[in-house]
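Structure record follows, encoded as structure tokens.
In my numbering, the protein residues as written are 2 to 361.
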């Protein structure tokens, strides 16, 4: 999803991400949570919060993330067999299907997409034709990496569960800010959706030494309601290692235009605000552009970055409406218009930043 890069260089400043404990999320006071959610997702925030002490997270992360590198190292013929061009590469394996800012295919990363909630949720040929990126079935490497399916689904479902808890509190805040809005609106739009998409990412080892050469992922803003993601796992020669380049990692462009590095503790889940929830909240919450900068320098040679994200999002036919008291001019989301569906909105966005229409 590349956008124009900021005029500033990558900042050496590391920002403090607002942290909410899982206990706070499940039993904390409304005042505590509102303050933290406003800090993280509101105007002037970085569009990100982390959740600590999530039961089972560390074990599920440690099981799944090494499989990103294992999958990427499978024979080319096997990987080709996992591609799904009929979904515009929104399911299965994809590499080089997105474009870099200069128009070249992005070969720096490989992605594996699947729906964590269900392997196939429709046989309707019309829906499969109209919304292949949402409705096509999952493709798993059943013979070559059979353990991937269970590991992918278990961590994906955990992330969706925590994201729905977060959306519930966000919805209450929006209802208080915009009278007449249902407090369940944000939660229900994702809790009942069969369209969430997991993305297992393997960023290939870089031999670059400069910031520009080491940038693995262009600037983008997520189209989802919320994007849940793990901290990255760095691997070298099959073993987990510390990130040897302190400048590598996730960067966020704040509302003031400042670019700062966001460090996700390894045992936390991070959630980034997406444009769908920005719309559904009437602009009360703000999505922010972000990118991933790869590791550079001799010490990082041969080191890969592996992570997992889940795009928690509405159904394709969900109306991208705003609260009754909200003002359309305050939404500030490109390609959004009143009465557009999430499926239509998504297609406009995907075409903006992809070499071909792909989910990213």
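Ideal Cβ positions, reconstructed from N, Cα and C, are used throughout, including at glycine.
Cβ shell of residue i (< 6 angstroms), same chain only, five flanking positions each side left out
i: residue 84; result: 93 and 94
i: residue 244; result: 235
i: residue 80; result: 94
i: residue 344; result: 132 and 317
i: residue 7; result: Low confidence applies to residue 7: its pLDDT is 42, below 50, so where it sits in the model is not reliable, and the reading given next is rough at best. Result list for residue 7: 254 and 260, in chain order.
i: residue 123; result: 136
i: residue 128; result: 136
Buried or exposed by the 16-neighbour rule on C-beta atoms within 10 Å, applied to residue i
i: residue 227; result: buried
i: residue 60; result: exposed
i: residue 214; result: Because the pLDDT of residue 214 is 46, which lies under 50, any placement of that residue in the model is unreliable, and the question is left without a value.
i: residue 18; result: buried
i: residue 223; result: buried
i: residue 328; result: exposed
i: residue 277; result: buried
i: residue 180; result: exposed
i: residue 107; result: buried
i: residue 126; result: exposed
i: residue 45; result: exposed
i: residue 288; result: buried
i: residue 98; result: buried
i: residue 34; result: buried
i: residue 319; result: buried
i: residue 90; result: buried
i: residue 197; result: buried
i: residue 32; result: exposed
i: residue 41; result: buried
Coil, strand or helix - residue i by DSSP
i: residue 135; result: helix
i: residue 235; result: strand
i: residue 106; result: strand
i: residue 153; result: helix
i: residue 23; result: helix
i: residue 299; result: helix
i: residue 8; result: Here the model assigns residue 8 a pLDDT of 40, short of 50, so the residue's position is not dependable, and the following value carries that caveat. Coil, per DSSP.
i: residue 321; result: coil
i: residue 307; result: strand
i: residue 16; result: strand
i: residue 292; result: strand
i: residue 314; result: coil
i: residue 161; result: helix
i: residue 36; result: helix
i: residue 345; result: helix
i: residue 277; result: helix
i: residue 50; result: strand
i: residue 254; result: strand
i: residue 262; result: strand
i: residue 221; result: strand
i: residue 215; result: Note that residue 215 scores a pLDDT of 45, beneath 50, so its modelled location is shaky and nothing firm can be said.
i: residue 98; result: coil
i: residue 112; result: strand
i: residue 175; result: helix
i: residue 126; result: helix
i: residue 242; result: strand
i: residue 42; result: helix
Test item: CB-CB of residue i and residue j under 7 angstroms
i: residue 203; j: residue 111; result: yes
i: residue 310; j: residue 187; result: no
i: residue 313; j: residue 161; result: yes
i: residue 294; j: residue 249; result: yes
i: residue 292; j: residue 337; result: no
i: residue 158; j: residue 133; result: no
i: residue 386; j: residue 261; result: The structure shown does not extend to residue 386, since the chain is modelled only from 2 through 361, so no value can be given for it.
i: residue 115; j: residue 57; result: no
i: residue 304; j: residue 206; result: yes
i: residue 232; j: residue 265; result: yes
i: residue 135; j: residue 201; result: no
i: residue 163; j: residue 66; result: no
i: residue 16; j: residue 184; result: no
i: residue 88; j: residue 137; result: yes
i: residue 167; j: residue 272; result: yes
i: residue 301; j: residue 246; result: yes
Nonlocal neighbours in the same chain, by C-beta distance under 7 angstroms from residue i, ignoring five residues either side
i: residue 347; result: 224
i: residue 64; result: 152
i: residue 155; result: 61
Own chain, CB closer than 8 angstroms to residue i, minus 5 neighbours either side, in chain order
i: residue 332; result: 279, 280, 283, 284 and 323
Problem - the region 237 to 246 touching the region 179 to 198, judged by at least three CB pairs closer than 8 angstroms - result: no
Problem - Three or more C-beta pairs below 8 angstroms linking the region 130 to 149 and the region 70 to 85 - result: yes
Practice task
Give a yes or no on contact between the region 132 to 146 and the region 48 to 57, applying the rule of three or more CB pairs nearer than 8 angstroms.
Solution key: no
Exercise for the section: Would you check if there are 3 or more beta carbon pairs closer than 8 angstroms linking the region 324 to 335 to the region 272 to 290? Expected result: yes
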